[in-house]
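J.: Before we start, here is the structure in question, set down as structure tokens.
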Amino acid sequence: MNDIYDNNMRFIPLLKFLDKHKYVLIASVATILLLISFFVVSNQISKQKHNEAASIYSKWLIEISKDDPDLIEIDNMLSSFVNDYQDTGYALIALLTKANLDAKNGNLDSALVNFNKIIKFTDGYRGNKVFNKLARVSSARINLSNGQVEEALEKIQGYSSTDTNAYIHELTGDILAEQNKSELAIKQYQLASEKYSDQTSKSIISMKIANLDNGNE
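1 is the number of the first residue of the sequence shown in this note's numbering; add one for each residue after it.
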């Protein structure tokens, strides 16, 4: 009998604690359950949106691959990606594909709009660095061809350090040359020449440097 009494006495502090803090404990449990429910629902919605985006992208890819694609339908699906499925990844792929197609067909203004959208969507610490870099370099080239030199340089100035690739060094040199900053342009061309492995690219860089040297005489 005493053993039973002693065992019951052990639980008295716990029971007092539970009674004293029962509302806090109930609220904590409810919060945890709500958080779990939120993550489960969010995960289901994310999967559903991903599947929907994949279905639209399949149709979009078929349409854009046609010899005579329906451009209105392509733009409608692209708008759907941007407005409804921006976080799925398919939006970036579709925007990049459309921008490259427009650039290839000479529709530079349309290409620039889509490249700039990619930059906007991928800027920041958690953004997709690969898509951001591709869009910045491509849009900078279009800006340069449009005479928008400052905009072009602003797009890629973060990539013009010594650890970037030859093409970006060359593009930076082209932009600086347009700004009549010959010495800076030559430095970028020299970095590009060091990193290019093919002789054709090296020869083109040499001609660009020679043109700047002749202009400074």
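A virtual CB, placed ideally from N, CA and C, is assigned to each residue, including glycine.
For residue 193, count neighbouring Cβ atoms within 10 angstroms of its own Cβ and tell me buried if that reaches 16, exposed if not.
T.: As a position in the sequence shown, residue 193 is number 193, starting the count at 1. Residue 193 is buried by the Cβ-count criterion.
J.: Report the three-state DSSP secondary structure of residue 85 (helix, strand or coil).
T.: The residue labelled residue 85 in the question sits at position 85 within the sequence shown. Note: residue 85 maps to coil in three-state DSSP.
J.: Distance check for residue 147 and residue 121, CA to CA, integer angstroms please.
T.: In the sequence shown, counting from the first residue as 1, residue 121 sits at position 121. In the sequence shown, counting from the first residue as 1, residue 147 sits at position 147. The alpha-carbon atoms of residue 121 and residue 147 are separated by roughly 25 Å.
J.: If you draw a straight line from the alpha carbon of residue 164 to that of residue 158, how long is it in whole angstroms?
T.: Taking the sequence shown and counting its residues from 1, one reaches residue 164 at position 164. Taking the sequence shown and counting its residues from 1, one reaches residue 158 at position 158. Roughly 10 Å between the two C-alpha positions.
J.: Would you check if the distance between the CB atom of residue 156 and the CB atom of residue 175 is smaller than 9 Å?
T.: For the purposes of this step, residue 156 is taken as residue 156 along the sequence shown, with counting starting at 1. For the purposes of this step, residue 175 is taken as residue 175 along the sequence shown, with counting starting at 1. Taking 9 Å as the Cβ cut-off, residue 156 and residue 175 qualify as a contacting pair.
J.: By the DSSP assignment, the alpha helix (DSSP H) with residue 188 in it spans what residues?
T.: Taking the first residue of the sequence shown as 1, we reach residue 188 at position 188. That run of the alpha helix (DSSP H) goes 182 to 195.
J.: Between residue 139 and residue 112, which are expected to be in contact by the criterion C-beta below 8 Å, what is the C-beta distance as a whole number of angstroms?
T.: Counted from its first residue, the sequence shown places residue 139 at position 139. Counted from its first residue, the sequence shown places residue 112 at position 112. Between residue 112 and residue 139 the Cβ distance is about 6 Å, and since that is below 8 Å, they are a contact.
J.: Count the other CB atoms within 10 Å of the CB of residue 191; is the residue buried (16 or more) or exposed (fewer)?
T.: Your numbering for residue 191 matches position 191 in the sequence shown. Burial call: buried.
J.: Exposed or buried, what is residue 214 when buried is set at 16 or more other beta-carbons lying within 10 Å of its beta-carbon?
T.: Taking the first residue of the sequence shown as 1, we reach residue 214 at position 214. By the 10 Å Cβ count, residue 214 comes out exposed.
J.: With residue 139 as the anchor, note down where its alpha helix (DSSP H) starts and where it stops.
T.: Position 139 of the sequence shown holds residue 139. Segment 129 to 145, the alpha helix (DSSP H) holding residue 139.
J.: Grab me the residues of residue 195's own chain with a C-beta within less than 6 Å of its C-beta, minus the 5 sequence neighbours each way, in chain order.
T.: Counting from 1 along the sequence shown, the entry for residue 195 is found at position 195. Once the five neighbours on either side are set aside, the close Cβ partners of residue 195 are 166.
J.: Taking the alpha carbon of residue 126 as the reference point, which residue from 87, 178, 145 and 53 has its own alpha carbon closest?
T.: Here residue 126 corresponds to residue number 126 of the sequence shown, with the count starting at 1. Of the listed residues, the one whose Cα sits closest to residue 126 is 87.
J.: Return yes when the Cβ of residue 62 is within less than 9 Å of the Cβ of residue 98, no when it is not.
T.: The residue you call residue 98 lines up with position 98 of the sequence shown. The residue you call residue 62 lines up with position 62 of the sequence shown. For residue 98 and residue 62, no; Cβs fall outside 9 Å.
J.: If the criterion is Cβ atoms closer than 9 Å, does the pair residue 77 and residue 93 meet it?
T.: As a first step, residue 77 must be located in the sequence shown, where it is residue number 77. As a first step, residue 93 must be located in the sequence shown, where it is residue number 93. No, the pair does not count as a contact, with Cβ atoms beyond the cut-off.
J.: Could you compute how far the alpha carbon of residue 172 sits from the alpha carbon of residue 101?
T.: For this step, residue 172 is matched to residue 172 along the sequence shown. For this step, residue 101 is matched to residue 101 along the sequence shown. Distance between the alpha carbons of residue 172 and residue 101 is about 24 Å.
J.: Since residue 179 and residue 149 should fall inside the 8 Å C-beta cutoff, what is the C-beta to C-beta distance between them, to a whole number of angstroms?
T.: Here residue 179 corresponds to residue number 179 of the sequence shown, with the count starting at 1. Here residue 149 corresponds to residue number 149 of the sequence shown, with the count starting at 1. About 6 Å separates the two Cβ atoms, so the contact holds.
J.: For residue 132, which residues of its own chain have a beta-carbon under 8 Å away from its beta-carbon, when the five flanking residues on both sides are left out?
T.: Here residue 132 refers to the residue found at position 132 when the sequence shown is read from its first residue. For residue 132, where only same-chain residues beyond five positions count, the Cβ hits under 8 Å are 118, 119, 122 and 123.
J.: Nearest to residue 129 by CA position, among 208, 89, 198 and 210, is which residue?
T.: Start at 1 with the first residue of the sequence shown, and residue 129 comes out as number 129. Checked all of 208, 89, 198 and 210; the closest Cα to residue 129 is 89.
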